[in-house]
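J.:
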Amino acid sequence: VPPAGSTNDYYIVVAGDTLYSIAQKFGVSVEELKRANNLSSNNLSIGMRLIIPNQQSLQEDVYIVQKGDTLYGISQKFNTTVEELKALNNLTNNNLSIGQMLRIRGESANQNTYKVQAGDSLYSIARKFNISVDELKQANNKQSNLLQIGEVLVIPTNSGSQNTYIVQAGDSLYSIAKKFNTTVDALKSLNNLTSNLLSIGQKLYF
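Positions in the sequence shown are counted from 1; adding 245 to them yields the numbering used here.
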């Protein structure tokens, strides 16, 4: 478990681990693992502590190919096209290899992305970004609520159609709803609020 506030994650090698399996587990490449740990070979020893490079410091337009991925599936996930992916990565055919790094460009470049961490759930991520679980699933073409550590999720942004309000002293959901010609229920739904409690400085969408 990485220490709180750390820039990188750490992983303790256990029996059966390989650089490849660890890279897959954390959504990084073998090369990145070796570089982060100054390894000159692929040999590991049980109990060795490995630095897992923090993907949030890398560009978010990079995707690590997973088992079962296809160019078409990846293009759908990131709102781009197979042709665009092939041109961007100088691919001459549609073949992919697990662990391969693909550059991604498309509409997702204008959207927020979030890399799934240990302990995350669709609900917790939706709460974090003030969206609904359904919106999150729809934006990522997900049929189930299952997540994988290292998975990159597109976070739909509604900044073009939403306004924000910063809660002031003395505000209530009722007074804010009245001020902006909306309802308390609409405010609670839009902001994923489970109670009527507000805190000064809180950002509300309306």
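Virtual Cβ for every residue (Gly too), placed ideally from N, Cα, C.
On a predicted model such as this, the values are computed, not experimentally measured, just so you know.
1. Between the alpha carbons of residue 298 and residue 369, how many angstroms are there, rounded?
2. Quick check: the segment 334 to 349 against the segment 372 to 384, are there 3 or more CB pairs under 8 Å?
3. Run the CB neighbour count on residue 272, radius 10 Å, all protein chains shown included, and call it buried at 16 or more, exposed below.
4. Residue 312 and residue 394: beta carbons closer than 8 Å?
5. Among residues of its own chain, excluding the 5 on either side of residue 428, which ones have a beta-carbon nearer than 6 Å to its beta-carbon?
6. So, at 7 Å on beta carbons, what are the nonlocal neighbours of residue 296 in its own chain, with the 5 sequence-adjacent residues on each side left out?
7. I need the boundaries of the alpha helix (DSSP H) containing residue 333, first residue and last residue.
8. How long is the line joining the alpha carbons of residue 424 and residue 401, rounded to whole angstroms?
9. Buried or exposed: which applies to residue 309, given that a residue is buried once 16 or more other Cβ atoms fall within 10 Å of its Cβ?
10. Please report the distance separating the alpha-carbon of residue 333 from that of residue 316.
11. Could you tell me the boundaries of the alpha helix (DSSP H) in which residue 267 lies?
T.: With the structure as the only source:
1. 23 Å
2. Counting Cβ pairs under 8 Å, fewer than three are found: no touch.
3. By the neighbour-count rule (16 or more Cβ atoms within 10 Å), residue 272 is buried.
4. no
5. Only 422 meet the Cβ criterion.
6. 253, 255, 281 and 282
7. 327 to 333
8. 27 Å
9. A residue is called buried once 16 or more other Cβ atoms fall within 10 Å of its Cβ, and residue 309 is buried on that count.
10. 12 Å
11. Where residue 267 is concerned, the enclosing alpha helix (DSSP H) stretches over 264 to 271.
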